[in-house]
Amino acid sequence: MKSVLLVVAVMVTVVAVGLLLAGCAQKETPGIDTGPTGTSTSATSAPAEVSGEEASAETIYTCPMHPEVTSDKRDRCPECGMYLEPKES
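Take any residue in the sequence shown, note its place counting from 1, add 1, and you have its number in our numbering.
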């Protein structure tokens, strides 16, 4: 009975250490662009080229994930770090 408890205790310890190490691996890595929440924004790390029509002074940019965030410049969303995209009329 004691050997079964020892095996279970070792297995639980190994799983706990594995989860701890996996959580530590989520920290910012040099060379990877991360947003304000620390999540990778590599899928949106570079804005697409803006055509002449979209680059006009009247263009309003918005975050695809947070439509309430708007700007007159192509910038990053303060909530998630994604690049703002031209708002569709």
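We put the beta carbon where it would ideally sit given N, CA and C, even for glycine.
Inset, instruction - Go through its chain and collect everything with a Cβ distance to A10's Cβ below 7 angstroms, but skip five positions before and after it. - result: none
Inset, instruction - Could you tell me which residues DSSP puts in a beta bridge with E86? - result: T63
Legend entry - V8 to T14 span [Cα, whole Å]: 10 angstroms
Inset, instruction - Just grab the DSSP bridge partners of S72 for me. - result: Y62
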